[in-house]
Amino acid sequence: MGHSHDGHTHDHEHGAGHGHGHGHDHDHHHPNTELDAATIAALDESIPDSDLSPTEVSRRTLLRSAGILGGTAALAVSGVGAAAAAAAPKGDSILFKHGNKPQVWLAGDHHIHTQLSSDGLYRVIDQARHAAAFGLDWLVITDHGGATHARIGVELVNPQIKAARTELKNTLIFQGLEWNIPAAEHGTVFVAPGSREVEVLKQFENSYDGSVNNASSNSPANEQLALDGIQWLGQQVDRRRVQDALFLANHPARNGVDSPHEIRNWRDANPRIAIGFEGAPGHQAGGLPKGIGAAGARGLYGNAPSANSFPGYPAESYRTWGGFDWMTATVGGLWDSLLAEGKPWWVSANSDSHVNWNETSRRPDGSDQAQFDRDGRYMDPVYGNTVNPLATDFWPGFYSRTHVGAERRDYLSVMEGLRSGRMWVDHGMLAKGVEVEVREVGRKHSEPLGGALVVRRGRPVELVVRITTQTMPNWANFVPLLNRVDVIRGAVKGAVGDRDTFKAPDTKVVRQWDTSGKRGTFELTLPLGKAEEPYYVRVRGSDGNRSQPGYLGAAIDPQGPALDVVGDADPWTDLWFYTNPIWVLPSK
Amino acid sequence: MVLHEPDLGPAEQVIIAVDADSRDTVEAEHLLHELLGSMAGSVVACTHVVAAGDRPHLAISVTVPPDSPDGLAARVRAWSVERSAGAAITRPGASEPELSGPSRLVRGAYAAAVESALGTSGRLVRFPGAEHATGVLTAAELRDRCGIDQVEALGGLPVEDDTLIDTLDFIRPIRRDGQVVLLVQPAAGGVLIPFEVEHQQKCCADH
Chain A
156 MGHSHDGHTH DHEHGAGHGH GHGHDHDHHH PNTELDAATI AALDESIPDS
206 DLSPTEVSRR TLLRSAGILG GTAALAVSGV GAAAAAAAPK GDSILFKHGN
256 KPQVWLAGDH HIHTQLSSDG LYRVIDQARH AAAFGLDWLV ITDHGGATHA
306 RIGVELVNPQ IKAARTELKN TLIFQGLEWN IPAAEHGTVF VAPGSREVEV
356 LKQFENSYDG SVNNASSNSP ANEQLALDGI QWLGQQVDRR RVQDALFLAN
406 HPARNGVDSP HEIRNWRDAN PRIAIGFEGA PGHQAGGLPK GIGAAGARGL
456 YGNAPSANSF PGYPAESYRT WGGFDWMTAT VGGLWDSLLA EGKPWWVSAN
506 SDSHVNWNET SRRPDGSDQA QFDRDGRYMD PVYGNTVNPL ATDFWPGFYS
556 RTHVGAERRD YLSVMEGLRS GRMWVDHGML AKGVEVEVRE VGRKHSEPLG
606 GALVVRRGRP VELVVRITTQ TMPNWANFVP LLNRVDVIRG AVKGAVGDRD
656 TFKAPDTKVV RQWDTSGKRG TFELTLPLGK AEEPYYVRVR GSDGNRSQPG
706 YLGAAIDPQG PALDVVGDAD PWTDLWFYTN PIWVLPSK
Chain B
337 MVLHEPDLGP AEQVIIAVDA DSRDTVEAEH LLHELLGSMA GSVVACTHVV
387 AAGDRPHLAI SVTVPPDSPD GLAARVRAWS VERSAGAAIT RPGASEPELS
437 GPSRLVRGAY AAAVESALGT SGRLVRFPGA EHATGVLTAA ELRDRCGIDQ
487 VEALGGLPVE DDTLIDTLDF IRPIRRDGQV VLLVQPAAGG VLIPFEVEHQ
537 QKCCADH
């Protein structure tokens with residue numbers, strides 16, 4: 156079933172022997188981006204029929220008899236689309252580095268809403284206390300950017316966060332916001348705590364939030380504003396207004412509006428700041444079946460393309476696969492195409508908690524949109540005397556976890572662990588521990604997740620996956636079983652020519668281990684052969700309940716995550732973990 | 337009962353396209369409804385993405401037989417002037433289409449008319465056969481009775497003649513390479529449902 160739906164709009168399917176010299180090249184901001192190259196050629200009467208392909212001739216004939224050919228002047232509107240595409244930042248060519256071994260694994264969630272969001276419910280302490288109880292070590296409060304939040308919310312939430320830090324001594328609570336990325340989706344932006352955390356976030360939001368600045372639609376100027384925002388954050392770190400800042404894109408494939416070139420541009424605008432995207436979105440209760448849940452789309456990934464969507468994305472990209480975003484779930488897909496460039500880009504998993512499944516509280520009477528707009532926050536929740544099975548979210552830590560390997564249990568170490576890609580994610584507590592290393596055979600030195608092993612060309616290399624199976628029941632009160640572990644390997648080819656590519660043709664699943672019945676801590680070792688060309692490996696695991704051949708076919712991924720079923724996607728019966736990659740770089 | 341409409345090629349039809357800068361499908365379909373009302377007869381109505389420029393949006397196109405009795409073209413002309421929309425009206429065999437409106441929106445209307453004439457893209461809102469596409473149907477019934485050329489499931493899921501599709505009384509097939517394609521996705525109960533469901537989560541609003 157190796158199907159591929161390439162971008163219909165961007166196909167350049169010229170007929171055989173098509174040799175006229177008129178440039179049909181068009182980038183993604185061409186003024187006539189709706190019409191494909193064959194149609195543009197058919198419309199251009201300065202090209203004689205003899206220079207057209209058969210397809211183009213037949214289109215011209217059709218357009219002529221429909222009485223539509225003579226109006227092409229309408230397409231040449233000056234100014235429209237003439238603005239240059241947002242300049243692609245150059246970025247460093249290859250950003251490899253050694254990773255340090257983590258001293259401690261800290262689980263967290265960088266995407267959490269409160270009563271400071273226009274669609275939120277909870278106090279900060281409600282979210283933080285549940286997160287801690289459900290086993291998280293760190294969390295980021297990310298209320299939506301917007302006019303009210305920029306005016307007052309970003310300040311009002313800070314005392315709540317500080318109070319929660321005092322109350323929960325062992326929990327690291329960051330302040331951030333959910334940025335409406337200009338021309339794109341949402342993303343988490345957060346900073347290290349400090350005396351200027353609010354000041355910097357507020358200035359960022361007022362200057363660069365897509366909603367605050369009416370910059371949501373997909374235009375080159377708005378794309379540039381997003382890059383400016385990322386670079387501005389980097390400058391605040393350079394100037395020590397804040398000690399650190401990070402940006403990760405949220406639910407990237409949900410509406411098809413994060414085009415591949417935008418993601419590459421964010422990364423390259425400042426790779427210290429823009430470090431990754433959600434491999435798995437929140438709202439994981441959205442697909443629970445009728446009777447116990449909302450019976451909608453898992454992750455609330457239920458939309459069709461809009462005018463702002465990247466036209467090359469297939470319909471499949473708008474849905475989750477085994478609860479994961481299509482960009483991450485597709486072996487050889489968009490995420491791999493980023494990794495194949497040899498640049499860091501990491502995945503995380505979060506709750507996106509707004510209102511949680513089976514909630515019994517509600518907003519009090521009188522706490523409505525007008526009250527929110529006036530006061531910058533909803534009033535504290537009250538007991539609601541009922542249960543809400545239609546809410547689509549889980550508490551932070553209840554289902555999704557991002558495990559970060561840190562040197563110490565502190566704020567800056569968590570941020571550095573995230574930046575270094577020492578990170579794996581799981582659903583439903585599928586595994587207790589996952590450690591991945593790559594080393595030269597016979598050597599002690601190894602590289603952890605996110606690292607790059609530099610090894611003499613021709614030396615044998617091996618991958619070691621150390622799994623500790625789950626001993627504790629998860630929050631649905633069963634002990635999940637890790638029944639399969641897969642290794643994915645891809646060649647590192649360097650920067651791509653077409654920044655809208657979302658395929659990595661040299662990436663595939665290279666090993667599947669049946670791990671059913673294994674208990675405790677065990678090692679899986681995979682010889683990777685002699686190091687000749689640069690490559691990366693990453694690891695994925697599953698309870699094995701739901702699989703289908705991957706989006707790019709069984710030869711690439713024989714048993715990938717299955718397309719989630721609308722209204723019948725019980726997240727507890729379809730569990731996966733994903734690790735970030737490790738690179739292997741042969742030297743002379 | 338003839339279920340398929342007479343197969344007029346687009347070249348024999350009148351195409352009326354309007355770009356009123358609709359932000360989403362709800363707005364674009366509202367515009368179609370406003371222009372068409374409950375107009376009877378053979379009508380094909382589409383929405384088209386206009387992606388160029390600083391604000392991607394949607395245009396609409398309506399294809400009708402040249403002898404259509406009502407004054408749709410006149411109505412569109414008046415409406416477009418009143419709303420400062422772009423309009424493109426084609427006549428079979430004419431040397432050029434009739435274009436009007438602000439240049440930015442004329443462009444979108446013209447592109448929509450081209451897409452409509454070629455059948456290369458666009459999203460169908462009204463089309464001959466749509467009236468039969470209600471309730472649960474087999475893929476064969478959708479093809480035989482409802483003006484659909486092809487039913488295609490996401491993720492490579494197989495679609496056989498007797499595969500059941502719950503239309504949810506809302507189908508918006510797309511045009512691709514001259515074919516009318518209905519994309520479907522798996523849903524609870526082992527049926528397939530249309531990929532595009534009626535109520536979309538508004539982009540960039542909440543969540």
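Chains as they are written, first to last, in our numbering: chain A, 156 to 743; chain B, 337 to 543.
Don't be surprised by glycine CBs; every beta carbon is placed ideally from N, CA and C.
{"Asked": "Host beta strand (DSSP E) of M578 (chain A) (start-end)", "Found": "578-582"}
{"Asked": "Any C-beta of chain A under 7 Å from that of L368 (chain B)", "Found": "no"}
{"Asked": "Member of A:E617, A:Y473, A:P466 whose CA lies at the smallest distance from the CA of K685 (chain A)", "Found": "A:E617"}
{"Asked": "Beta-bridge partners of C482 (chain B), as assigned by DSSP", "Found": "Answer is none; C482 (chain B) lacks a bridge partner."}
{"Asked": "Any C-beta of chain A under 7 Å from that of E418 (chain B)", "Found": "no"}
{"Asked": "Length of the line joining the Cα atoms of P444 (chain A) and R563 (chain A)", "Found": "41 Å"}
{"Asked": "D528 (chain A), DSSP secondary structure in three states", "Found": "helix"}
{"Asked": "Cutoff 7 Å: N463 (chain A) Cβ touching any chain B Cβ", "Found": "yes"}
{"Asked": "Euclidean distance between Cα positions of H299 (chain A) and K324 (chain A)", "Found": "26 Å"}
{"Asked": "Min CB distance S372 (chain A) to chain B below 7 Å", "Found": "yes"}
{"Asked": "Closer than 7 Å to chain B by CB, R395 (chain A)", "Found": "no"}
{"Asked": "Cβ-based contacts, 8 Å cut-off: residues of the stretch 426-446 of chain A near chain B", "Found": "H438, P444, K445"}
{"Asked": "F432 (chain A): first and last residue of the uninterrupted alpha helix (DSSP H) it sits in", "Found": "F432 (chain A) -> not in any alpha helix (DSSP H); beta strand (DSSP E) instead, spanning 429-435."}
{"Asked": "Within 7 Å, strictly: CB atoms of Q349 (chain B) and T383 (chain B)", "Found": "no"}
{"Asked": "Inter-residue spacing [alpha-carbon to alpha-carbon] between V386 (chain B) and L372 (chain B)", "Found": "21 Å"}
{"Asked": "Cβ separation of L294 (chain A) and A283 (chain A), assumed to be a contact under 8 Å, to the nearest whole Å", "Found": "6 Å"}
{"Asked": "Within chain B, partners of P466 (chain A) - CB distance below 8 Å", "Found": "V385, A387"}
{"Asked": "Contact set between E450 (chain B) and chain A, taken where Cβ atoms lie within less than 8 Å", "Found": "Residue 450 (chain B) is actually Val in this sequence, not Glu. Ordered by position in chain A, the residues that pass the 8 Å Cβ test against V450 (chain B) are L190, T194, L198, L218, I223."}
{"Asked": "Element boundaries [alpha helix (DSSP H), containing Q315 (chain A)]", "Found": "309-322"}
{"Asked": "Where F463 (chain B) meets chain A, residues with beta-carbon distance less than 9 Å", "Found": "Result: empty, since nearest Cβ-Cβ is about 17 Å, beyond 9 Å."}
{"Asked": "Interface partners of F531 (chain B) on chain A, CB under 7 Å", "Found": "A459, A470"}
{"Asked": "Cβ distance (whole Å) where Q439 (chain A) is taken to contact P726 (chain A) below 8 Å", "Found": "5 Å"}
{"Asked": "Simplified DSSP state of S568 (chain A), which is helix, strand or coil", "Found": "helix"}
{"Asked": "Collapsed DSSP secondary structure at Y468 (chain A) in the structure displayed", "Found": "coil"}
{"Asked": "Whole-number beta carbon distance between M584 (chain A) and V635 (chain A), since they are thought to touch under 8 Å", "Found": "The sequence as given places Pro at residue 635 (chain A); Val does not occur at that position. That belief holds up - the Cβ atoms of P635 (chain A) and M584 (chain A) are roughly 6 Å apart, short of 8 Å."}
{"Asked": "Given 8 Å, three or more beta-carbon pairs between the stretch 402-411 of chain A and the stretch 328-342 of chain A", "Found": "yes"}
{"Asked": "Meets three-Cβ-pair contact criterion under 8 Å: the stretch 360-371 of chain B and the stretch 718-734 of chain A", "Found": "no"}
{"Asked": "Within-7 Å CB hit, S431 (chain B) to chain A", "Found": "yes"}
{"Asked": "Length of the line joining the Cα atoms of A229 (chain A) and A409 (chain B)", "Found": "19 Å"}
{"Asked": "Limits of the alpha helix (DSSP H) - the one that D383 (chain A) falls within", "Found": "375-393"}
{"Asked": "Residue-chain proximity (G491 (chain B), chain A), Cβ-Cβ < 7 Å", "Found": "yes"}
{"Asked": "When A:N629, A:A318, A:S492 are compared against Y691 (chain A), the one with the closest alpha-carbon", "Found": "A:S492"}
{"Asked": "Within-7 Å CB hit, L207 (chain A) to chain B", "Found": "no"}
{"Asked": "Outcome for L198 (chain A) when other beta-carbon atoms lying within 10 angstroms are tallied against a minimum of 16", "Found": "buried"}
{"Asked": "Span of the beta strand (DSSP E) around R443 (chain B)", "Found": "Where R443 (chain B) is concerned, there is no enclosing beta strand (DSSP E), although the alpha helix (DSSP H) it sits in stretches over 439-454."}
{"Asked": "Top-ranked residue by Cα proximity to A709 (chain A), from B:G491, B:Q521, B:V533", "Found": "B:G491"}
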